[in-house]
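Visitor: Per UniProt numbering: the sequence shown = residues 1 to 287.
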Amino acid sequence: MSGQTPVLGRGLSSLIPNAQGRHSWGPTVKPLHDGERIVPISVDLIDPNPKQPRTHFDRDKLEELAQSIKEHGIIQPLIATQTGERYQLIAGERRLKAAKLLGQHEVPVVVRKIEEQKKLELSVIENVQRQDLNPLEEALSYKRLMDEFSLTQEEVAQRVGKSRSSVANFLRLLTLPKPVLEALEHEAITFSHAKAILSYPHEKDQLKALRTILKENLTVRETAERPISSGRRKEPDPVLAAWEGKLRERLGFAAHIRKTRRGGIVEFTFQSDEDLKSLLDRLLGGH
Numbered sequence: 001m002s003g004q005t006p007v008l009g010r011g012l013s014s015l016i017p018n019a020q021g022r023h024s025w026g027p028t029v030k031p032l033h034d035g036e037r038i039v040p041i042s043v044d045l046i047d048p049n050p051k052q053p054r055t056h057f058d059r060d061k062l063e064e065l066a067q068s069i070k071e072h073g074i075i076q077p078l079i080a081t082q083t084g085e086r087y088q089l090i091a092g093e094r095r096l097k098a099a100k101l102l103g104q105h106e107v108p109v110v111v112r113k114i115e116e117q118k119k120l121e122l123s124v125i126e127n128v129q130r131q132d133l134n135p136l137e138e139a140l141s142y143k144r145l146m147d148e149f150s151l152t153q154e155e156v157a158q159r160v161g162k163s164r165s166s167v168a169n170f171l172r173l174l175t176l177p178k179p180v181l182e183a184l185e186h187e188a189i190t191f192s193h194a195k196a197i198l199s200y201p202h203e204k205d206q207l208k209a210l211r212t213i214l215k216e217n218l219t220v221r222e223t224a225e226r227p228i229s230s231g232r233r234k235e236p237d238p239v240l241a242a243w244e245g246k247l248r249e250r251l252g253f254a255a256h257i258r259k260t261r262r263g264g265i266v267e268f269t270f271q272s273d274e275d276l277k278s279l280l281d282r283l284l285g286g287h
């Protein structure tokens, strides 16, 4: 697995040779490295990738892309694997949708043999590098990489070309209450707002912060400075915060450690029964 990191870390530009030329894909099959090839494939034979991390496609941006394709063609081929007589898309769903908007019958595709993990990795990498995912989709994509392939935050960060702290910040979003996540998904609040809401340790204060942001149209700075809870937020203990970070990195779940008079409590946050099972498997399995 570690042998794949240098390749994936460079992103899609290193996976698709640049010698193809702008409009050189044409009607003939062109050999690439390691048995890959570019072929013109009917859009009706290409199926969406079920592991595609992106769930929302902006109509206006798709139309802009379609106009660009109309003027310049598809500069970068799509990537797909062949499954029987059909093809499953790995990367390039926006280009495929834009081509369909134009009524194009064929698109250039790099046909690649690829394992399941690389499929998900390439989908995440492409969307992250193109900034096509909203913050919630990006967080869920990182979580899928960790859950489905037992990767640590550090390994995910290496594969998508981001710092571990950046990946950790996205994963922390998933510990927020559902109304906050929905507001983030629908762009009622920003990623920075969500991070400010995370500074409140209790769910009731997080929800109150959300209501205040929406009602008063607070900026991120105002959100961070506004005393939402009955008492001022305590500065986190740096030692406990460090241990919480280690637990998040090791187990893939947000952890909260608090001291009590008789010792202390370690809390983990999960969103579903499946998450709970995954957490318990990691705890009991010694991961």
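Where is the CB? At the ideal position from N, CA and C, for every residue including glycine.
Kindly indicate the opening and closing residues of the alpha helix (DSSP H) around V160.
Guide: Counting along the chain, the alpha helix (DSSP H) containing V160 begins and ends at Q153 to V160.
Visitor: If you follow the alpha helix (DSSP H) that R211 is in, where does it begin and where does it stop?
Guide: Start and end: E203 to E216.
Visitor: Confirm, please, whether the CB-CB distance from S123 to I90 is below 9 Å.
Guide: Yes, these two residues count as a Cβ contact at 9 Å.
Visitor: Which whole-angstrom value describes the C-beta separation of L78 and L102, a residue pair presumed to lie in contact below a C-beta threshold of 8 Å?
Guide: Actually they are not in contact, since the Cβ atoms of L78 and L102 sit about 14 Å apart, beyond 8 Å.
Visitor: From V43 to V107, what does the alpha carbon distance come to, in whole angstroms?
Guide: Approximately 7 Å between the Cα atoms of the pair.
Visitor: So what's T28 in DSSP terms, helix, strand or just coil?
Guide: Low per-residue confidence applies at T28: pLDDT is 39, beneath 50, and the placement is therefore not dependable, though the value from the model is reported in the following sentence. The answer is coil: DSSP assigns T28 none of H, G, I, E or B.
Visitor: Flag this pair as yes or no: are the beta carbons of L173 and P201 separated by less than 9 Å?
Guide: No; because the gap between Cβ atoms is not below 9 Å, this pair is not in contact.
Visitor: Applying the criterion that 16 or more other CB atoms from any shown protein chain within 10 Å of the CB defines a buried residue, is F253 buried or exposed?
Guide: By the neighbour-count rule (16 or more Cβ atoms within 10 Å), F253 is buried.
Visitor: I213 to L140, Cα distance in whole Å?
Guide: The straight-line gap from Cα to Cα measures roughly 24 Å.
Visitor: Which residue comes first and which comes last in the beta strand (DSSP E) that contains R250?
Guide: That residue, R250, is in no beta strand (DSSP E); its alpha helix (DSSP H) goes P238 to L251.
Visitor: Assign I41 to one of two classes, buried (16 or more other C-beta atoms within 10 Å of its C-beta) or exposed (fewer than that).
Guide: I41 comes out buried.
Visitor: On the criterion of 16 or more Cβ atoms from any shown chain inside 10 Å, does E93 qualify as buried, or is it exposed?
Guide: Buried, since its Cβ has 16 or more Cβ neighbours within 10 Å.
Visitor: How is the beta strand (DSSP E) around E85 delimited, first residue to last?
Guide: First-last for E85: undefined, no H or E at that position.
Visitor: In whole angstroms, what separates the C-alpha of residue 294 from that of L151?
Guide: Outside the shown range of the chain, which is 1 to 287, sits residue 294, and nothing can be said about it.
Visitor: With distances taken Cα to Cα, identify the nearest neighbour of Q76 among Q82, I38 and L247.
Guide: Taking only the C-alpha atoms, the option nearest Q76 is I38.
Visitor: Measuring CA to CA, which of T260, L62 and K119 is closest to A80?
Guide: Of the candidates T260, L62 and K119, the one whose C-alpha sits nearest the C-alpha of A80 is K119.
Visitor: For the alpha helix (DSSP H) containing H193, name the first residue and the last one.
Guide: Where H193 is concerned, the enclosing alpha helix (DSSP H) stretches over F191 to L198.
Visitor: Taking the alpha carbon of T190 as the reference point, which residue from D205, E203, F170 and K204 has its own alpha carbon closest?
Guide: It is F170 whose Cα lies nearest to the Cα of T190.
Visitor: Where does K259 fall in DSSP's three states?
Guide: Here K259 sits in strand by DSSP.
Visitor: For the beta strand (DSSP E) that P40 lies in, which residues bound it at each end?
Guide: Per DSSP, P40 belongs to the beta strand (DSSP E) from R37 to S42.
Visitor: List the endpoints of the continuous alpha helix (DSSP H) containing P50.
Guide: P50 -> no alpha helix (DSSP H), and no H or E assigned at all.
Visitor: Can you name the start and end residues of the beta strand (DSSP E) that E106 belongs to?
Guide: It spans E106 to V111 - the beta strand (DSSP E) in which E106 sits, taken as one unbroken run.
Visitor: Considering only heavy atoms of the ligand FMN, does any lie closer than 8 Å to the CB of K215?
Guide: As far as ligands go, the structure on display features none, and thus does not contain the ligand FMN.
Visitor: CB-CB under 6 Å to L176, same chain, minus the five flanking residues each way: which ones, in chain order?
Guide: If we look at L176 and ignore the five residues flanking it on each side, it has no Cβ neighbours.
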